[in-house]
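Residue numbers (our numbering), protein chains in the order written: chain A, 3 to 641; chain B, 3 to 641. C-beta atoms are modelled at their ideal positions from N, C-alpha and C, and glycine is treated no differently. One structure is given below, encoded as structure tokens.
Structure below.
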């Protein structure tokens, strides 16, 4: 069985037919580092209980009780609010699996929520609290009202709950609804031809097929993809039109990633799931074209995607405004989900590189250090007004972050016929089953992402390969020893190095990934970044915040090419981060600009009033956790 | 009487107490040049008749008939659609005044429309077709539903119709509604305290007071301004909040121009009207602060304003994205209205400079050369997808353009105690009454804006001043002769030069304003324009379109500082424009960028593959009138 981490892979290890790798269950890996473990603990102990309270307080559970006839009053909130209950259930299932005895008691909450879901289901299997009672006759009339989208999240939650707990109570609800949808829509005579305005159900159906063995669900997912781009959705969805819904062309013809960013990457993830089961080359070819278009023209240096507030959408090629970046947290998570599936299909390190990049720099900024507030949008420049919120009317992002953090251990490893793949580095222990069912234990010791020294101790015997990712960001200087002896093969950035040998318990693999501070520039067509550089170190993007650089106008900072950097771990700062300091200049506009916004070109474009200063940069993911103030990722480059 | 051109000033010349200048009626000026006259003719003969047809076809007149009980069915379109009828009536009134006998017969249309308006008015004076019949009980319950806004447009139309035709039929409707509003809202006990979410009525009430002599309407306008910023509107207007409605602070405290751009400049125009009548220094001081904030930090090089799609709003300081510029045509017109009033109050050329600049480069791009299609948004860079439309669901812009063009002759001149002010240059004849009622005839001969030679022949006798604007764009070389002899005073760009003398009929004033092509840069904080220049010539902003520069990637154009320019009038091009050609370079990204969006900084930021080319630029206002393709205002600067 092939399964995404987003909906987990706790037990089964059967492989999807057209995927090179299969995942390792989140429950097989325990992260105990200083970076992720506290975040996962906060997710388990603070985020998930408080989100559950919010599900009640905002009427999301009440909506289900109302659909069950147990409560009167109006439907509360937005028509897709059921999906937040499902995403929470998915997240809570993984969290319980990882630490079943922790407080508070998530299991009781899960049971209570599932009970509400069960009661809300119609006799015919249909389940959506918005289309209950007075709106029951409007079911399946407007395909932009997220009925299939909500169904997809239900299916993902059910798969996760089943994998995490073994219980079929939510899975049975899911399959009843899936059967209802399967009986209603499809290419067969008598069935309706439609698909959802918001993709999501496609990957969920494939997962449900994997979990239940019902191939029908794969066929249904294929149908929902195949009907796109033929006017079934039409352009009746208001001002945003067909591109917004990825319905302007058949999927197999797509060359450019467009429209609503979350919809786009959710669709791509679903198509990747389809490919993993069906192996149709045209699907993979389209996925490659979309991936290249996104990564070469429509992605922020954070890995974030979706440039525009208007339509929460991808913009034109190279349209990547910083302060006005939309870069929804959910879109970053969707990109991770897509890249994860591409990685499983192909085993190409470029997907793992982007997965890691997006995890640290686009998903993680979406949640505060204390795990209690969230960003919906993630700008790369700000004047201090953009702050995380405890919740949103459209609350897709908070439970999406929660399910990502809860299933994070599942992203570390993969297994193929060759052996074990190490995708991500973090201090952790794992028990990984090889393809032949032999169990191998792996113990990673590392301070990653603050430091690139990684020591892996093997517990297991016999011949297999250990595939270690040499990140693309590690452009030079990586070294690798096995039991103290240098490994002879070249370490190529952006690839996996294969260590094939006859392993013995206690074998030590020492990988060293140097982390100098790197100055990065962007393609000349990205207009806002012309003449600017961003700072990176290891997998982390950095930014400057006013609070660390008082008495400085951040716009005036100019970083000379010959600047030298220091990177110091500061336990006192932001719960402990490596801060970067550099000798830079403050180079303010000349006084003549005080009275002009435009003027005839002067002989010297440079500003004046240069002054040497020391600047401090922090990891971008940690911004906006202290007093509000300006923030910049891109700094002017000096010579 | 003081009166804005936007609602005209055909007859009366009494001055507002706190305004230095008073306008000259549009009907006193006849423009017969090759630039504006064809546009005004198209406005009269094509635009206004076709817009009238659209008022019918889109149900806007039907809505009024329905309110009158003469038609059943649903209200059609949006709740502010009455305002389009009123703006059309205002425009048509001016057009009829200027050429009463032209075809088609606008007067009959005006009569028909006024009849529908009259019938729709309630017995108590209330008038709004959206809040008629089934919604009559919802009147004045939601102050973001534009009831006062629509009333304001009615009042402006009525004033224009009265001034243009002398008829009181629309004016009487207006005053009945104004009296209803005055009886309903105000500071007195028993009246309600509220104001409109969309400012507009403020300037209209002051105009109505001028036209009728009813000072009550000025008091009401003052009340509607004074209650802002005290929570009367609250932040109940959905996600955009109080700043969107300019309701976050009392007007007199404002330092920064924020929120919905059209609302902001309409409000400022209304406050300027108030100041002209009341002379309260705190109002003028706030207007000055807002004007400086807008012109120094929040205005495009086109004069366009309102950077953001989100909320159709001003952005942060220096937030001026080019491709994503919202820059609504109505906002440009609102800026003209505000600047016109500031000019009348202070006689400062900076307002006339900006008025001209906005007229040519921000209002005019809003309409096609044939006068039949319109832009709502006016980006400064595009890939070819942004095209003018014949109409919009929210159709504020088309009739706003129409009323601006119809009243354009009124913007050319002003009168003060000193004499006659020449604000704008265009081949035209005028009969201007001096303050002492002497009539002076003026004949301008010029090819402006294509050429800066302006010859003005005086018809009139005696001593008075002729105040000629030396535009700020004319940075050097302006010369001025009177009857062939150089005028001795310095000609200071951005000021009026005063020619005080004893004039005789046949006196000739020859002003020469050299029009070299100018390269302009923007403030270093405008990130998208860093290292870029824009081309201007005279009052016109230029741009490059793909169609004139085939086989060139516009992004790759680099304009060296030492580039030489040619400016040639091309009668065949775009109905006749001066095109600018320059020797530039095409400087494409190096091949290494084909596989990267981000990379470690290279030693040379420049691109490679330089190649000399000749580029052709056209006036920005004329873009998108041929086959679709990329367009750029800002070009990379080379050295």
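C-alpha distance - residue i paired with residue j, whole-angstrom precision
{"i": "residue 607 of chain A", "j": "residue 636 of chain B", "result": "Bear in mind that the predicted position of residue 607 of chain A carries a pLDDT of just 49, short of 50, making it too unreliable to give a figure here."}
{"i": "residue 105 of chain B", "j": "residue 262 of chain A", "result": "49 Å"}
{"i": "residue 441 of chain B", "j": "residue 473 of chain B", "result": "26 Å"}
{"i": "residue 327 of chain A", "j": "residue 340 of chain A", "result": "21 Å"}
{"i": "residue 61 of chain B", "j": "residue 81 of chain B", "result": "12 Å"}
{"i": "residue 527 of chain A", "j": "residue 557 of chain B", "result": "7 Å"}
{"i": "residue 427 of chain B", "j": "residue 242 of chain B", "result": "41 Å"}
{"i": "residue 166 of chain A", "j": "residue 95 of chain A", "result": "6 Å"}
{"i": "residue 447 of chain A", "j": "residue 37 of chain A", "result": "13 Å"}
{"i": "residue 68 of chain B", "j": "residue 461 of chain B", "result": "53 Å"}
{"i": "residue 2 of chain B", "j": "residue 111 of chain A", "result": "Residue 2 of chain B lies beyond the range of chain B shown here (3 to 641); nothing can be said about it."}
{"i": "residue 161 of chain B", "j": "residue 136 of chain B", "result": "31 Å"}
{"i": "residue 282 of chain A", "j": "residue 255 of chain A", "result": "14 Å"}
{"i": "residue 273 of chain B", "j": "residue 203 of chain A", "result": "54 Å"}
{"i": "residue 158 of chain B", "j": "residue 88 of chain B", "result": "8 Å"}
{"i": "residue 232 of chain B", "j": "residue 232 of chain A", "result": "53 Å"}
{"i": "residue 21 of chain A", "j": "residue 350 of chain A", "result": "11 Å"}
{"i": "residue 181 of chain A", "j": "residue 227 of chain A", "result": "18 Å"}
Contact list for residue i against chain A, beta-carbon separation under 8 Å
{"i": "residue 595 of chain B", "result": "525, 526"}
Interface residues of chain B facing residue i [CB-CB closer than 8 Å]
{"i": "residue 521 of chain A", "result": "602, 603"}
{"i": "residue 656 of chain A", "result": "With chain A covering 3 to 641 only, the question about residue 656 of chain A has no answer from this structure."}
{"i": "residue 591 of chain A", "result": "525, 526, 527"}
Helix, strand or coil at residue i [DSSP, three-state]
{"i": "residue 320 of chain B", "result": "coil"}
{"i": "residue 9 of chain A", "result": "Legend: pLDDT at residue 9 of chain A = 46, less than 50; position of this residue unreliable, value from coordinates given subsequently. Note: residue 9 of chain A maps to coil in three-state DSSP."}
{"i": "residue 163 of chain A", "result": "helix"}
{"i": "residue 546 of chain B", "result": "strand"}
{"i": "residue 145 of chain B", "result": "coil"}
{"i": "residue 371 of chain A", "result": "coil"}
{"i": "residue 1 of chain A", "result": "Outside the shown range of chain A, which is 3 to 641, sits residue 1 of chain A, and nothing can be said about it."}
{"i": "residue 607 of chain A", "result": "Interpretation of residue 607 of chain A is limited by its pLDDT of 49, a score under 50 that renders its predicted location unreliable; no figure is taken from the coordinates."}
{"i": "residue 460 of chain B", "result": "strand"}
{"i": "residue 191 of chain B", "result": "coil"}
{"i": "residue 509 of chain B", "result": "coil"}
{"i": "residue 593 of chain A", "result": "helix"}
{"i": "residue 571 of chain B", "result": "strand"}
Within chain A, the residues that residue i reaches when beta carbons sit closer than 7 Å
{"i": "residue 298 of chain B", "result": "599"}
{"i": "residue 303 of chain B", "result": "600"}
Inter-residue CB distance, residue i and residue j (contact presumed, cutoff 8 Å)
{"i": "residue 588 of chain A", "j": "residue 620 of chain A", "result": "About 19 Å separates the two Cβ atoms, so there is no contact after all."}
{"i": "residue 495 of chain A", "j": "residue 362 of chain A", "result": "Not really, about 17 Å apart at Cβ, beyond 8 Å."}
{"i": "residue 423 of chain B", "j": "residue 412 of chain B", "result": "With a Cβ gap of about 13 Å, residue 423 of chain B and residue 412 of chain B do not count as contacting."}
{"i": "residue 276 of chain A", "j": "residue 224 of chain A", "result": "6 Å"}
{"i": "residue 18 of chain A", "j": "residue 279 of chain A", "result": "6 Å"}
Proximal chain B residues relative to residue i, where beta-carbon distance stays under 9 Å
{"i": "residue 420 of chain A", "result": "By Cβ distance, chain B contributes nothing, its closest Cβ being about 28 Å from residue 420 of chain A, past 9 Å."}
{"i": "residue 529 of chain A", "result": "323, 324, 325, 383, 529, 530, 531, 532, 534, 557, 636"}
{"i": "residue 477 of chain A", "result": "602"}
Contact set between residue i and chain B, taken where Cβ atoms lie within less than 7 Å
{"i": "residue 532 of chain A", "result": "532, 533"}
{"i": "residue 314 of chain A", "result": "Near residue 314 of chain A there are no residues of chain B at all, since even the closest Cβ is about 11 Å away, more than 7 Å."}
Close beta carbons around residue i, own chain, < 7 Å, minus the five adjacent residues each side
{"i": "residue 385 of chain A", "result": "632"}
{"i": "residue 353 of chain B", "result": "341, 344, 345"}
Same chain, Cβ closer than 6 Å to residue i, five either side skipped, listed in chain order
{"i": "residue 85 of chain B", "result": "152, 155"}
{"i": "residue 457 of chain B", "result": "447, 512"}
Cut-off 8 Å between Cβ atoms - residues of its own chain near residue i, not counting five sequence neighbours on either side
{"i": "residue 78 of chain A", "result": "60, 61, 62, 64, 65"}
{"i": "residue 534 of chain B", "result": "523, 524, 636, 637, 638, 639"}
Distance cut-off 8 Å: residue i Cβ against heavy atoms of the ligand ADP
{"i": "residue 147 of chain B", "result": "Ligands in the displayed structure: none, and consequently the ligand ADP is not present."}
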